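Asker: Just so we're aligned: 249 in the UniProt record's numbering is position 249 of the sequence shown, and the numbers increase by one with no gaps anywhere.
Here you go, one structure.
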Amino acid sequence: MSLNNSIRLLVSMILNLLLSIIELVGGIFSFSLALISDAIHNLSDFFSILLSYIANIFGKRKQNKIKTFGYKRAEILAAFVNSVVLLLISLFIIVEAFIRILHPKDINVGVLFWTALVSFLINLFSTLLLHSGKKNNLNIKATYLHILSDVLASISVLVGSIIMYLTKIKFLDSLLTIVISIYIICETIPVLRKTIDIFMQSAPNLPYKQIEKDIASMNKVTGVHHLHAWMIDESKVILSVHVNMDDLKLSEVEKVLDNINRLLKNKYNICHVTIQPEYQHGKHNDLFVSNDSF
Numbered sequence: 001m002s003l004n005n006s007i008r009l010l011v012s013m014i015l016n017l018l019l020s021i022i023e024l025v026g027g028i029f030s031f032s033l034a035l036i037s038d039a040i041h042n043l044s045d046f047f048s049i050l051l052s053y054i055a056n057i058f059g060k061r062k063q064n065k066i067k068t069f070g071y072k073r074a075e076i077l078a079a080f081v082n083s084v085v086l087l088l089i090s091l092f093i094i095v096e097a098f099i100r101i102l103h104p105k106d107i108n109v110g111v112l113f114w115t116a117l118v119s120f121l122i123n124l125f126s127t128l129l130l131h132s133g134k135k136n137n138l139n140i141k142a143t144y145l146h147i148l149s150d151v152l153a154s155i156s157v158l159v160g161s162i163i164m165y166l167t168k169i170k171f172l173d174s175l176l177t178i179v180i181s182i183y184i185i186c187e188t189i190p191v192l193r194k195t196i197d198i199f200m201q202s203a204p205n206l207p208y209k210q211i212e213k214d215i216a217s218m219n220k221v222t223g224v225h226h227l228h229a230w231m232i233d234e235s236k237v238i239l240s241v242h243v244n245m246d247d248l249k250l251s252e253v254e255k256v257l258d259n260i261n262r263l264l265k266n267k268y269n270i271c272h273v274t275i276q277p278e279y280q281h282g283k284h285n286d287l288f289v290s291n292d293s294f
């Protein structure tokens, strides 16, 4: 992470913390559950950015004899924790919103409007701040998209406050809370699913049949089987495969392995490849399942 990106994240964290305090105070004085829910969401954003920032720094630690793949999954763990917490908070707020619909309270629309306006301006500034850094950094991009959703939430609260002022509909605040929370849940579930896939070592989305065909078409290769692929983080893929070859000298086997390595790294962007050369063993096994696996 460059110094500029570090400053962007630091400023975003400070703004989110400040905004959470402003919205929480505004929500309490206006009796607006939508504003309080957005304050809690912004507070979770603060901890999310902080946790991601720490995890990013921690993830840069070099591999050692215990952590042979390094600490790359620190950021994945942070994303998992953030996603679970955000889901639980959103579900809790939805329950509170339904209770508020059954037992409505008078809302100070003036306080609600001006607090939502300040929230919108601060979030808009944060998105502009992070916009230029999101192109080449997934961590910045994720944070940018998260705060962009806050901008949309602030707009909905602003519009809702105007409608409530004109129509005096009390439960509109709670309805907006439910809509915002459902939107956050819908945005969070794919992130949570991705982190679980990585921890469960699910196979990444690769053209496996084409990979098999490319390897099998190489000179002196007679079969491909027992292929496994998984991800260390959202971008780094590890692959292992058994490859049947002609009855070759070890020096010739090494040349074939080098060719396969280059193919997988250059064409499919696989960062780490382990190949087990074989003569006849397992030649007729399935590409993904071996008779002697596990």
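Virtual Cβ for every residue (Gly too), placed ideally from N, Cα, C.
These figures come from a predicted structure and were not determined experimentally.
Under 9 Å, do isoleucine 7 and serine 119 count as touching if we go by C-beta distance?
Answerer: No. Outside cutoff.
Asker: In terms of residue numbering, what span does the beta strand (DSSP E) encompassing glycine 223 cover?
Answerer: Taken as a continuous stretch (DSSP letters only), the beta strand (DSSP E) holding glycine 223 covers 221-231.
Asker: How is the alpha helix (DSSP H) around serine 240 delimited, first residue to last?
Answerer: From DSSP, serine 240 is part of no alpha helix (DSSP H) but of the beta strand (DSSP E) over 237-245.
Asker: Indicate the three-state DSSP secondary structure (helix, strand or coil) for glutamine 280 in the structure shown.
Answerer: Note: glutamine 280 maps to coil in three-state DSSP.
Asker: Tell me whether the beta-carbon of tryptophan 230 lies closer than 9 Å to the beta-carbon of glutamine 201.
Answerer: Taking 9 Å as the Cβ cut-off, tryptophan 230 and glutamine 201 qualify as a contacting pair.
Asker: Looking only at its own chain, which residues have a Cβ that is under 7 Å from the Cβ of valine 224, when we skip the five neighbours before and after it?
Answerer: Glu212, Ile215, Ala216, Val241, Val243 and Leu287, listed in sequence order.
Asker: Roughly how many angstroms separate the alpha carbons of isoleucine 28 and glutamate 187, rounded to a whole number?
Answerer: Using only the alpha carbons, I get a separation of about 27 Å.
Asker: Is the Cβ-Cβ distance between leucine 158 and tyrosine 183 less than 9 Å?
Answerer: Against a cut-off of 9 Å, the Cβ pair of tyrosine 183 and leucine 158 comes out as no contact.
Asker: What would DSSP say about lysine 209, mapped onto helix, strand or coil?
Answerer: In this structure, lysine 209 counts as helix in the three-state DSSP scheme.
Asker: Start and end of the alpha helix (DSSP H) containing phenylalanine 120?
Answerer: That run of the alpha helix (DSSP H) goes 109-131.
Asker: Count the other C-beta atoms from every protein chain shown that fall within 10 angstroms of the C-beta of glutamate 75, then say buried if there are 16 or more, exposed otherwise.
Answerer: Glutamate 75 comes out buried.
Asker: What would DSSP say about histidine 41, mapped onto helix, strand or coil?
Answerer: If DSSP states are grouped into helix, strand and coil, histidine 41 belongs with the helices.
Asker: Given that a residue counts as buried once 16 or more other Cβ atoms are within 10 Å of its Cβ, and exposed if not, what is leucine 112?
Answerer: Under this definition leucine 112 is a buried residue.
Asker: How big is the Cα-Cα spacing for threonine 115 and glycine 26?
Answerer: When rounded, the distance between both Cα atoms is 6 Å.
Asker: Alpha carbon to alpha carbon, what distance is there between proline 104 and methionine 1?
Answerer: Low confidence applies to methionine 1: its pLDDT is 46, below 50, so where it sits in the model is not reliable, and the reading given next is rough at best. Computed Cα separation, rounded: 47 Å.
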